[in-house]
Each structure stands twice: as C-alpha cells, then as structure tokens.
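Reminder that position 150 of the sequence shown reads as 234 in the working numbering, one-by-one numbering, no gaps. Idealized CB from N, CA, C, for every residue including glycine.
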Amino acid sequence: MTLKVHCVTLRSVDYRDSDRILTLLTAEKGKLSAAAKGVRKANAKMKNLTEPFTFSEVVLAEKNGRNTVTEAEIFDGFYPLRTDVVRYYAASCAVEFANAFLPEGLEASDFFLSLVGFLKSLAYGEGVCPKNALVSFLAEALEQSGYRLDPERCGRCGEPIRGEVFFSAQGGCNVCRSCKAEGDKKYSFETYSYLRGVCSGEITSEDGEKANNVLRFFNYYLQSVAGVSLRSIPILIDL
Ligand SMILES: [Zn+2]
85 MTLKVHCVTL RSVDYRDSDR ILTLLTAEKG KLSAAAKGVR KANAKMKNLT EPFTFSEVVL
145 AEKNGRNTVT EAEIFDGFYP LRTDVVRYYA ASCAVEFANA FLPEGLEASD FFLSLVGFLK
205 SLAYGEGVCP KNALVSFLAE ALEQSGYRLD PERCGRCGEP IRGEVFFSAQ GGCNVCRSCK
265 AEGDKKYSFE TYSYLRGVCS GEITSEDGEK ANNVLRFFNY YLQSVAGVSL RSIPILIDL
C-alpha cells in the first residue's frame with residue numbers, strides 16, 4: 085500500500101549502514117515513522133529530506149506496519165534557519181514539542197499548519213522576533229494539544245489577573261491573589277504580563293530577558309502538567 089502525504093521532518097536517527105529512520109509530522113496522518121534508505125551515501129537523492137524542519141511531499145510504502153519513503157519532493161528546507169543559531173534553536177523547540185506531545189497516528193492538521201507557518205515566518209519573516217514568535221507558537225500548540233494555558237484570566241474565578249499572579253501546578257493554570265490555594269506558587273507579574281502581551285499581539289518588540297523568563301515558565305509548566313521539558317529551551321535561553 086502506498087500513501088502520499090505532506091510532511092515536516094521532526095527528527096532523524098541513523099539506522100543500519102546507510103539508512104535513517106525519520107519521524108515525520110504529516111498533514112494527513114499525524115506523526116509517523118518512516119525509513120529513508122541509502123540517505124547517508126554520498127549524493128543520495130533524498131538526503132535533504134532527513135534534515136529537521138524540511139517541508140515536503142513524500143510517497144510512503146507500507147508493509148507489515150512499517151513505512152518506507154519511496155519518493156520525496158522537497159518544498160522548503162527553510163534554509164535561513166540553519167544560518168542563525170537563535171532561529172535554529174527556536175525552530176528546534178517547536179519540533180521537539182511536536183515530538184514529545186503529539187501521539188503517533190493521531191491526525192493533527194491544525195498543528196501541522198501552525199508548525200509550517202511558524203517555520204516559514206521564522207525563516208523568512210521581516211523583523212521577526214524569534215523568542216516572541218516561539219512563545220506565541222507554544223501557546224497555540226499547547227491549546228491544540230489539550231494543555232491550554234489561559235494567559236488572560238484566572239483559572240479559578242475567570243476574572244482578569246491584576247497585580248500579582250500565582251501558578252497552580254495542580255490545576256495547570258494561572259490564578260489570582262484571591263483564588264490562591266496552598267501549594268500555588270507566586271511568580272513574576274512582569275513575566276506573566278509579557279506572556280499575555282505577546283499572546284494578545286500587544287507586545288511586538290522583543291525583550292530578551294523577559295522572553296527568556298516566559299520560556300523558563302513554559303518549561304516549568306510543561307514539566308508540571310505533562311512531566312516533559314524541552315531540552316532546546318535552556319539552550320535557546322543561554323544563547
Ligand atoms: Zn481568581
């Protein structure tokens with residue numbers, strides 16, 4: 085059986101002498117694995133397909149539950165991401181998120197479109213702020229994967245949060261001073277305001293330190309609600 089899909093390459097690991105196993109996020113079938121044969125040989129035709137972020141159309145042959153790529157047409161390798169280390173790691177955070185949070189075989193076309201849009205704006209957008217763009221992408225991605233974090237209102241009373249903010253690991257939400265319960269942790273209101281401003285589009289220029297604090301908060305949030313943290317986030321923060 086063969087299948088034609090649009091996909092973004094999330095990850096690739098060496099396999100046998102000259103092959104690689106790719107993790108692909110497809111528009112049609114969600115995340116799946118596929119073997120790319122002979123791609124580590126010199127001048128291999130499908131070499132570029134194995135690079136992370138590559139957006140392409142591939143034909144997969146399925147046999148005994150295993151996929152092999154038989155044809156690939158590359159649409160965009162988002163080359164500028166590979167020449168700028170900050171953009172590269174912002175993009176890495178996004179594909180790492182997809183790897184960690186999307187279950188195999190579950191259709192995720194909205195997420196796919198968000199990811200392609202994010203990679204495109206990060207690679208080609210004029211005056212794009214990489215960390216802010218990542219914050220917006222992660223907020224949207226969390227919502228699409230069932231871990232929505234409301235940046236506007238208190239998760240308990242639904243009122244806007246003013247002055248002080250607390251994070252409830254148990255509820256997986258931000259809470260206001262009056263709703264704060266035991267175990268909820270206060271965090272910087274400046275960090276919260278920055279997150280809210282980037283998500284609403286009110287903040288359009290990037291403050292590196294504030295953006296870093298929001299990314300730290302995101303990693304703490306992911307750890308609290310899903311037990312996962314993204315390795316690329318601390319690397320991006322340290323750049
Ligand atoms: Zn409240």
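Do residue i and residue j have their C-beta atoms within less than 9 Å of each other?
{"i": "residue 224", "j": "residue 198", "result": "yes"}
{"i": "residue 226", "j": "residue 217", "result": "no"}
{"i": "residue 300", "j": "residue 319", "result": "no"}
{"i": "residue 238", "j": "residue 259", "result": "yes"}
{"i": "residue 266", "j": "residue 193", "result": "no"}
{"i": "residue 274", "j": "residue 213", "result": "no"}
{"i": "residue 119", "j": "residue 151", "result": "yes"}
{"i": "residue 303", "j": "residue 314", "result": "yes"}
{"i": "residue 175", "j": "residue 165", "result": "yes"}
{"i": "residue 89", "j": "residue 139", "result": "no"}
{"i": "residue 222", "j": "residue 178", "result": "yes"}
Check the C-beta distance from residue i over to residue j and give it rounded, since I have them as a contact under 8 Å.
{"i": "residue 97", "j": "residue 130", "result": "At roughly 15 Å, the Cβ-Cβ gap does not stay under 8 Å, so residue 97 and residue 130 are not in contact."}
{"i": "residue 159", "j": "residue 135", "result": "With 8 Å as the limit, residue 159 and residue 135 do not qualify as a contact, their Cβ atoms being about 13 Å apart."}
{"i": "residue 278", "j": "residue 298", "result": "5 Å"}
{"i": "residue 56", "j": "residue 114", "result": "No answer is possible for residue 56: it lies beyond the span of the chain, which begins at 85 and ends at 323."}
{"i": "residue 124", "j": "residue 107", "result": "So it is not a contact: roughly 17 Å between Cβ atoms."}
{"i": "residue 312", "j": "residue 184", "result": "5 Å"}
Which residues share a DSSP beta bridge with residue i?
{"i": "residue 244", "result": "237"}
{"i": "residue 95", "result": "107"}
{"i": "residue 188", "result": "115"}
{"i": "residue 151", "result": "146"}
{"i": "residue 86", "result": "145"}
{"i": "residue 249", "result": "271"}
{"i": "residue 156", "result": "142"}
{"i": "residue 120", "result": "104"}
{"i": "residue 312", "result": "Looking at the DSSP assignment, residue 312 forms no beta bridge with any residue, so it has no partner."}
- Task: Tell me, please, whether the segment 251-264 touches the segment 296-315 by the rule of three or more beta-carbon pairs shorter than 8 Å.
- Result: Yes, since at least three Cβ pairs between the segment 251-264 and the segment 296-315 fall closer than 8 Å, the two stretches touch.
- Message: Taking 5 Å as the limit, name every residue whose beta carbon sits nearer than that to some heavy atom of ligand 1, in sequence order.
- Response: My final list is 238, 240, 241, 260 and 263.
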